[in-house]
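Enquirer: Numbering (my numbering), first residue to last: 1016 to 1099. Before I ask anything, here is the structure I am working with.
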């Protein structure tokens, strides 16, 4: 399977998780598939440029006055979870 195709497949699984009409069984399958994909593509402990940009986005959210308190709390949790 090509990398581009894998990205489309994972995107479909993510859409399954977001769809309120999807059964819990289908959502559980999608979660497992996403977890397997992430394990397979996990970098060897190093951070990628994408990871840095995502962390930067969460850091920016903390300082943006237009971001809700709930979103800021979520950003703090994500950054703490990733030791940033």
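Glycine included, C-beta positions come from ideal geometry on N, C-alpha and C. Bear in mind that the values here come from a model prediction, so they are computed numbers and not experimental data.
(1) Is it buried or exposed for residue 1045, if we count other Cβ within 10 angstroms and need 16 for buried?
(2) Which two residues bound the contiguous alpha helix (DSSP H) that contains residue 1095?
(3) Can you look up residue 1024 in the DSSP assignment and give me helix, strand or coil?
(4) Under 8 Å Cβ to Cβ from residue 1087, same chain only, skipping five residues before and after it: list those, please.
(5) Work out the CA separation of residue 1066 and residue 1057 for me, nearest whole Å.
(6) Would you mind stating whether residue 1074 and residue 1049 have Cβ atoms separated by less than 8 Å?
(7) Nearest-angstrom Cα distance between residue 1098 and residue 1020?
(8) Would you kindly report the start and end of the unbroken alpha helix (DSSP H) that includes residue 1069?
Expert: Here's the rundown:
(1) Under this definition residue 1045 is a buried residue.
(2) 1084-1096 is the extent of the alpha helix (DSSP H) around residue 1095.
(3) Collapsing the DSSP output to three states places residue 1024 in a helix.
(4) For residue 1087, same chain residues with a beta-carbon under 8 Å away, outside a window of 5 residues either side, are 1076 and 1077 in chain order.
(5) A direct Cα-Cα distance of roughly 11 Å separates residue 1057 from residue 1066.
(6) With contacts defined by Cβ atoms closer than 8 Å, residue 1074 and residue 1049 do not form a contacting pair.
(7) Whole-angstrom Cα-Cα distance: 31 Å.
(8) Element bounds for residue 1069: 1064-1078.
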